[in-house]
Amino acid sequence: MSETVVEIIGLQKAFGPLHVLRGIDLEVRRGEVVCVIGPSGSGKSTLLRCVNLLEQPTGGRVAVGGVELTDPDVDIDAARRRIGMVFQQFNLFSHLTVLDNLTIAQRKVLRRGKAEAEEVARRNLARVGLAEKADAMPAQLSGGQQQRVAIARSLAMDPELMLFDEPTSALDPELVGDVLGVMRTLAEAGMTMLVVTHEMQFAREVADRVLFMDGGVVVEQGPPERVIAAPQHERTRAFLSRVLDPTHQGPNVPAT
Amino acid sequence: MAMSKRKRAQAVRGGQYALLVVVAVVLAVVADWQNIGRAFFNLDVARAQFPEIISTALVNTVTYTVLGFGFGLVLGLILALMRMSSVPPYRWLASIYIEFFRGVPALLVFIAFGFGVPIAFQVRFDIYSTVMLALGLVGAAYMAETIRAGIQAVPKGQVEAARSLGMSQARAMVTVVIPQAFRIILPPLTNELILLTKDSSLIYLLGLATSEYELAKFGRAALNEHQSMTPILIAGLCYLIITIPLSFLSRWLERRTAGGKKVSAPEATGLEVKA
Ligand SMILES: Nc1ncnc2c1ncn2[C@@H]1O[C@H](COP(=O)(O)OP(=O)(O)O)[C@@H](O)[C@H]1O
Ligand SMILES: [Mg+2]
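Sequences listed follow chains W and Y, in order.
In terms of the working numbering, the first sequence has 49 at position 49, counting the first letter as 1, and numbering is strictly consecutive.
Going from the second sequence to the working numbering is simple: count from 1 and add 1000.
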């Protein structure tokens, strides 16, 4: 048996009149990799951002590692320390070197000493294959390198859960592979991951479970070989045919 | 008969040059150059200004400016943060302050702190405190709006990244947002420094001891003594020694950050980047 890392029950999120999440239930167990797929605007980012409370849910319950984040008295800063987040736009601190990007939160939040923080930082840079970039500024790196630094920055905090919001969507196609490679290694090392992605090949090979979202609800979920290769729902089929075969749009095109 | 657009433009430009030549010729013939030369630039009077105009007046101008700028920057940062506070009364207070001190002449503020406040409260500020308060209070009102624009120009994703690493709102502000905001607003802040350098001259109406003279007052006193325009001219050049390099610095900083985000204070509003 394995313990539950993320437990989401009846999650709702509205922006004013716009109901973006309409009751999501989701459980992620330790070491599990869950990929979330779905059309643009279906609420994937919002779901992810509710898991570390970058967005405040308007209903339901979110618990991570047994700590209920939706409890109004929770120490949200303490809870977020154990949740890494990787953004589509990387969001490296542009005024700091790569090394300082990795050490600043270790030092200011975890109160690690300088030597220890740098040791951890360099170990994690090596892990994403960028040991030699420690002294570079973010602007000097390619998008793929920046995203790998962003992953290393989160890893340096020893998270028990990693959230990825379309980590490769802002990258030139030839740089996508490096980032996915790092994520795959991370998954193989047993990291618990919740990944929003359009990379179906990655989802198929790495995910333990795939979630298809549309209109703020989970339409269908299950192992990738079922959800991606043999979807049960019409909406899932329509979405996958658009993603996998974008030049033949239309709901009636048969899968080849 | 009708000239082409290009021909007409050429003719206009030719006319402008011709006018310039006529004015120059008239000035050369009509003006009494020897007299003007003596009145404006008398070498003996000029020599007599050194070294005090540098060692006292220029140094004092820089000192007063730095004091006012430093105080204004700190107060401006506080006002900017108040202006963005989630507690409405803080926002109102900051807005009232900013509107007030941008709306009244700096001269009035100097008079208030030089004469009004000492009478009202039976206190006496020394010259450094007076200049720091008066210049700083005025400068803060302008700098607050610049700093606020700078803070709002820092992409939202930077705060989100900081928060998801476990930093508190305040910690993210101090370690991530403010350092980046200052990078963005360095050019407009440099311009503010130039304005304050010139405004520091307003202290002259306070009755200064000789050792406290700054450039304007120094020039004014020397003009009386020598009955000559020359000291004013040199004082003016001394201001330019400070302001022109700053102006170049500002433009260089602006060019360096060009392509990135640009904020021209104080009208600029937040350029928000949605991640
Ligand atoms: N901060 C916000 N304010 C208002 N509407 C938002 C906000 N964030 C997201 N939305 C809206 O919520 C919907 C879902 O957005 P999102 O979760 O980003 O979808 P996805 O990531 O699946 O493309 C969209 O219609 C979007 O415009
Ligand atoms: Mg999204």
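By construction, the Cβ of each residue, glycine as well, lies at the ideal position given by its N, Cα and C atoms.
Taking Cβ to Cβ, would you say residue 5 (chain W) is nearer than 7 angstroms to residue 28 (chain W)? Along the first sequence, one-based indexing puts residue 5 (chain W) at 5. Along the first sequence, one-based indexing puts residue 28 (chain W) at 28. In this structure, residue 5 (chain W) lies near residue 28 (chain W), with their beta-carbon atoms less than 7 angstroms apart.
Determine, for residue 87 (chain W), whether the minimum Cβ-Cβ distance to residues of chain Y falls below 7 angstroms. Position 87 of the first sequence, counted from the start, is the residue given in the question as residue 87 (chain W). It does: the Cβ of residue 87 (chain W) has a partner Cβ on chain Y nearer than 7 angstroms.
For ligand 1, any of its heavy atoms closer than 6 angstroms to the Cβ of residue 46 (chain W)? Looking up residue 46 (chain W) in the first sequence gives position 46. Answer for residue 46 (chain W): yes, Cβ within range of ligand 1.
Within 7 angstroms of chain Y by C-beta, residues of the region 89-104 of chain W in sequence order: 89, 91, 93, 94, 95 and 104
Determine whether the Cβ of residue 1045 (chain Y) lies closer than 7 angstroms to any Cβ atom of chain W. Here residue 1045 (chain Y) corresponds to residue number 45 of the second sequence, with the count starting at 1. Residue 1045 (chain Y) does not count as touching chain W.
Would you identify the three-state DSSP class for residue 1272 (chain Y), choosing helix, strand or coil? Here residue 1272 (chain Y) refers to the residue found at position 272 of the second sequence. Low local confidence applies: a pLDDT of 36 at residue 1272 (chain Y) is under 50, so the model's placement there is unreliable, with the coordinate-based value given in what follows. In this structure, residue 1272 (chain Y) counts as coil in the three-state DSSP scheme.
How would you list, in chain order, the residues of chain Y whose beta-carbon sits under 8 angstroms from the beta-carbon of residue 54 (chain W)? Locating residue 54 (chain W) in the first sequence gives position 54, where the first residue counts as 1. Correct list: 1160, 1163 and 1164.
From residue 1037 (chain Y) to residue 1200 (chain Y), what distance separates their C-alpha atoms? As a position in the second sequence, residue 1037 (chain Y) is number 37, starting the count at 1. As a position in the second sequence, residue 1200 (chain Y) is number 200, starting the count at 1. So the alpha carbons of these two residues sit roughly 30 angstroms apart.
Which of the three DSSP states, helix, strand or coil, is assigned to residue 208 (chain W)? Counted from its first residue, the first sequence places residue 208 (chain W) at position 208. Coil.
So which of Y:1082, Y:1215, Y:1144 and Y:1168 has the shortest CA-CA distance to residue 1091 (chain Y)? Along the second sequence, one-based indexing puts residue 1091 (chain Y) at 91. Measuring from the Cα of residue 1091 (chain Y), the nearest candidate turns out to be Y:1082.
Tell whether a beta-carbon distance below 7 angstroms holds between residue 1187 (chain Y) and residue 1250 (chain Y). Here residue 1187 (chain Y) is taken as the residue at index 187 of the second sequence, counted from 1. Here residue 1250 (chain Y) is taken as the residue at index 250 of the second sequence, counted from 1. It is a contact, given that the beta carbons lie within the stated cut-off.
Is it right to say residue 1011 (chain Y) is buried, meaning 16 or more other beta carbons lie within 10 angstroms of its own, or is it exposed? One-based indexing of the second sequence puts residue 1011 (chain Y) at position 11. By the 10 Å Cβ count, residue 1011 (chain Y) comes out exposed.
From the DSSP output, read off the bridge partner residues of residue 35 (chain W). Taking the first residue of the first sequence as 1, we reach residue 35 (chain W) at position 35. BP columns for residue 35 (chain W) point to W:195 and W:210.
Mind pulling the chain Y residues with CB within less than 8 angstroms of residue 195 (chain W)? Numbered from its first residue, the first sequence carries residue 195 (chain W) at position 195. What residue 195 (chain W) touches in chain Y: nothing, since even the nearest Cβ is about 15 angstroms away.
Rounded to the nearest angstrom, what separates residue 32 (chain W) and residue 1146 (chain Y) at their Cα positions? As a first step, residue 32 (chain W) is located in the first sequence; it is residue number 32 there, counting from the start. As a first step, residue 1146 (chain Y) is located in the second sequence; it is residue number 146 there, counting from the start. Looking at the two C-alpha atoms, the distance is approximately 48 angstroms.
For residue 217 (chain W), verify whether its CB is less than 6 angstroms away from any heavy atom of ligand 1. To locate residue 217 (chain W), count along the first sequence from 1; it is residue 217. No, the Cβ of residue 217 (chain W) stays beyond 6 angstroms of every heavy atom of ligand 1.
Does DSSP classify residue 1082 (chain Y) as helix, strand or coil? Numbered from its first residue, the second sequence carries residue 1082 (chain Y) at position 82. In the structure shown, residue 1082 (chain Y) sits in a helix (DSSP, three-state: H, G or I).
Taking only beta-carbon atoms, is residue 142 (chain W) less than 7 angstroms away from chain Y? Here residue 142 (chain W) is taken as the residue at index 142 of the first sequence, counted from 1. Chain Y contact via Cβ: absent.
Residue 1114 (chain Y) vs residue 87 (chain W) beta-carbon contact at 7 angstroms: Your numbering for residue 1114 (chain Y) matches position 114 in the second sequence. Your numbering for residue 87 (chain W) matches position 87 in the first sequence. No, the pair does not count as a contact, with Cβ atoms beyond the cut-off.
Assigned exposure category for residue 1151 (chain Y) - 16 Cβ within 10 Å defines buried: Indexing the second sequence from 1 puts residue 1151 (chain Y) at position 151. By the neighbour-count rule (16 or more Cβ atoms within 10 Å), residue 1151 (chain Y) is buried.
Mind checking who residue 63 (chain W) pairs with in its DSSP beta bridge? As a position in the first sequence, residue 63 (chain W) is number 63, starting the count at 1. Answer by DSSP bridge pairing, in chain order: W:7 and W:68.
Is the shortest distance between the beta-carbon of residue 1059 (chain Y) and the beta-carbons of chain W less than 7 angstroms? Mapped onto the second sequence, residue 1059 (chain Y) falls at position 59. Cβ-Cβ to chain W under 7 angstroms: no for residue 1059 (chain Y).
Close-in-space but distant-in-sequence residues of the same chain around residue 58 (chain W) (CB under 6 angstroms, 5 per side omitted): Counting from 1 along the first sequence, the entry for residue 58 (chain W) is found at position 58. The residues are 12, 13 and 14.
Cβ distance (whole Å) where residue 240 (chain W) is taken to contact residue 36 (chain W) below 8 angstroms: Taking the first sequence and counting its residues from 1, one reaches residue 240 (chain W) at position 240. Taking the first sequence and counting its residues from 1, one reaches residue 36 (chain W) at position 36. Not a contact, Cβ separation roughly 14 angstroms.
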